Amino acid sequence: MKYLKIAIIKKVMLGTLICLFVISCKHTEEKYHNVMEKIEGESVKYKAPSVSSPMINAEIKTVLVEEGETAFLIPERKSQISSYNCVECHTEPLSVLMQKQVDKKAAHWDIKLNHANSEIMNCATCHTSNDMGNLHSLTSTTIDFNYSHKLCSQCHQKEFKDWKGGAHGKQLGGWSPPRLSNTCVNCHNPHAPQFEKRWPVRFNTEKVKERQ
Amino acid sequence: MSNNTKKWFSLNLNRTKKSEACGCGNNASSCEEKTPKDGYNQVMDVSMSRRSAFKKLTAGLLIGAGAVSTSCSVISGDESKEKSAIEWDEYFKGNYKLMTDKEKNETVNRLVRSYELRTGKKINLSSKDAEEDVLFGYAFNISKCQGYMDCVNACIEENNQDRASQMQYIRIHEMEDGKGFNFEESDDNYYHEVPAEGHFYMGTQCFHCDNPPCVEVCPVQATWKEKDGIVVIDYDWCVGCRYCMAACPYDGRRFNWKTPEVPEEEVNKNQHYLGNRLRKKGVMEKCTFCIQRSRKGQNPACVEACPTGARTFGNLLDPDSTIRWVLENKKVFRLKEDLGTEPKFWYYMD
Ligand code: SF4
Ligand code: SF4
């Protein structure tokens, strides 16, 4: 007897639950319950649309970054560095060059290193006087200026991972493939990578009036 | 847009319902499809003779009025006639989402011509439809935003927003650390050096909900969700009742209390019918994910302007897109998720 009661109560509850489910389920026109389901469902048969990134044109020189499964373009760097190629001036050892410049405004006078502290970093962490036209890694492997992200990634692994995926940094031009993303030094000055404090570019005086 | 006819014809503004087999007795393939009625015909349910009589009468009145007004102006008669003809056709055109491609083209051409007649300048007005296999989504990195508001300015310039009332679609909220997302106490109109110590910044705009309450409440179906997920407004169909504004839980919509004004030299001439074309008094507007840009493959102006990379935009259906990577690898959340509005705008932190 007791079991029967419980069974009935169970059935009634199940019935109500199903009823509730059916009512609460808004199957009016969409096949999916939520946008996540929709994304999953609709991307199964995904075909790349015909629009393509308007940035991919002759104006921007690019190089390809291939890291594991991701591959995308970044702006070519060397042609953007005003005093490249370095070896045009760096023909003599640094000490000699510095001697020559005493009492003059030295080259690179505007570069102040503000990146970690001097215990961790100095010029030689990234540059080497043996090979001024290239960068070098912590283990003295040569790194091309075009691929300077390899240098940054030595310490900033988390940012590097996010950048590859797309959660850090900025896509140039458009959302549509092929992907062209800024590389580290397009946003961060490698000698002082922090973003600076500044004033917001807008102050809404009408809003102030409205809220008085 | 084609398979949803039932929903949109529910107002039944004398549009003939397309049924599977047509009424002509023959089978569906052999009978000619009737040309859909547009504009004036769509609105007026009257017999042909009465309709044309009315049309002529009103046109006469209009031209008469035009003649009176031009008798002492410098505009040539031809131009004013053309102007009133355009005004006439514009006044009686249909809802954009019911238009055929031809009708879309016609209204676009009219609007371009009318702008040219008024200002002597050409605009580039698009009516590009949604692309297949595209669903737009947006992600905002709260820990990256520095509160510079570069996005706000870019948005205003891109979208021809009214300068006098300083309308802005985007709001950047300055919030105090440790208080959670407290919009009541946040400040969206700060003016001091940013980022301020002990504060973080969070941007809001229309989130292009996948289940948008604003669309449901519109009595004239002047706002709807496009196939690529962008929630748009037909500014010429909106009656300005502001129901949608009240229904939006995110303060995403803006109303034109007066005729919006943009200095001629600042007008962005790259426009879309459902996007940044010039609005008029008494209609609703809001963020359209810069439809005039995004449908061409570009990023919205805010994404392009942001110097910190806090804003990510892309195709949610593309498994290789950066937005998908963010959704799959970051701890993302949306505002008021429990409402079931399904915004396509995610926040995350590093
Ligand atoms: S955020 Fe507001 S205006 Fe935008 S789609 Fe959602 S409900 Fe509509
Ligand atoms: S204001 Fe316009 S878009 Fe909004 S509900 Fe009213 S008619 Fe529809």
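In the order they appear, the protein sequences are chains A and B. Going by my numbering, the first sequence opens with residue -13, and the numbers climb by one from there. Going by my numbering, the second sequence opens with residue -9, and the numbers climb by one from there. Ideal placement from N, C-alpha and C gives every residue a C-beta, glycine not left out. Nothing here was measured: the structure is a model prediction, and the numbers come from that model.
Residues of the same chain with their beta carbon placed closer than 7 Å to that of K31 (chain A) are lacking, with the five preceding and five following residues left out of the count. In this model, P202 (chain B) and S70 (chain B) are separated by some 42 Å (Cα to Cα). The criterion of a C-beta distance shorter than 8 Å is not satisfied by N131 (chain B) and V194 (chain A).
A straight line joining the alpha-carbon of E77 (chain B) with that of V252 (chain B) spans about 21 Å. Here Y240 (chain B) is near L325 (chain B), since their CB atoms are less than 8 Å apart.
Around the Cβ of I223 (chain B), a 10 Å sphere holds 16 or more other Cβ atoms; the residue is buried. One alpha carbon belongs to Q85 (chain A), the other to P79 (chain A), and they sit about 10 Å apart. Residues close to ligand 1 by the beta carbon criterion (under 7 Å to any non-hydrogen atom) are, from first to last along the chain, B:C196, B:F197, B:H198, B:C199, B:P202, B:P203, B:C204, B:V205, B:V221, B:C234, B:A237, B:C238, B:P239, B:Y240, B:G242, B:R243, B:K276, B:T331, B:P333. Identification of chain B residues near E28 (chain A) by a Cβ-Cβ cut-off of 9 Å yields D123, L125, L306, L307, ordered along the chain. Between L59 (chain A) and T77 (chain A) the beta-carbon gap is near 34 Å, outside 8 Å, which marks them as no contact. Close to C173 (chain A), with beta-carbon spacing below 9 Å, are these residues of chain B in chain order: P297, T298, G299. For G160 (chain A), the three-state secondary structure derived from DSSP is strand. DSSP lists A:F58 as the bridge partner or partners of V51 (chain A).
A Cβ-Cβ contact shorter than 8 Å links H198 (chain B) with K334 (chain B). Across the set A:G155, A:Q157, A:G151, the C-alpha of A:G151 shows the shortest separation from the C-alpha of D310 (chain B).
Placement of the Cβ of T169 (chain A) at a distance of 7 Å or more from every heavy atom of ligand 2 is found. Against chain A, a Cβ distance below 8 Å from N289 (chain B) picks out Q157, G159, G160, W161.
CA-to-CA, the gap between T111 (chain A) and C138 (chain A) works out to about 11 Å. Going by beta carbons, N71 (chain A) and G27 (chain A) fall outside the 8 Å limit. If the five residues before and after H189 (chain B) are omitted, its C-beta is found closer than 8 Å to the C-beta atoms of G137, E164, M165, E166, D167, all from its own chain and listed in chain order. Relative to D152 (chain B), the option among B:L317, B:G272, B:G330 whose CA is nearest is B:G272.
For R267 (chain B), the Cβ stays outside the 7 Å cut-off from all heavy atoms of ligand 2. Around the beta carbon of W95 (chain A), fewer than 16 other beta carbons sit within 10 angstroms, so the residue counts as exposed. Leaving aside the five residues that flank S126 (chain A) on each side, the residues in its chain whose CB is nearer than 8 Å to its CB run, in chain order, T114. Secondary structure at T111 (chain A): helix, using DSSP grouped into helix, strand and coil. Burial state of S65 (chain A) is exposed, judged by a 10 Å Cβ sphere holding fewer than 16 other Cβ atoms. DSSP places G119 (chain A) outside both helix and strand once states are collapsed to three, so it counts as coil. In this structure, R188 (chain A) places its C-beta atom within 8 Å of the C-beta atom of M139 (chain B). The alpha-carbon of D119 (chain B) is positioned some 8 Å away from that of R285 (chain B). A direct Cα-to-Cα measurement between D79 (chain B) and N85 (chain B) gives close to 13 Å. Taking every protein chain shown into account, the CB of F171 (chain B) has fewer than 16 other CB atoms within 10 angstroms, so this residue is exposed. Closest by C-alpha distance to P297 (chain B), out of B:H262, B:C135, B:L101, is B:C135.
Those residues of the segment 187 to 203 of chain B placed with their C-beta closer than 7 Å to a C-beta in chain A are D200, ordered along the chain. Not one heavy atom of ligand 2 sits closer than 7 Å to the Cβ of G27 (chain A). With a 10 Å radius around the Cβ and a threshold of 16 neighbouring Cβ atoms, I313 (chain B) comes out buried.
Taking 8 Å as the threshold, the shortest C-beta distance from G137 (chain B) to chain A falls below it.
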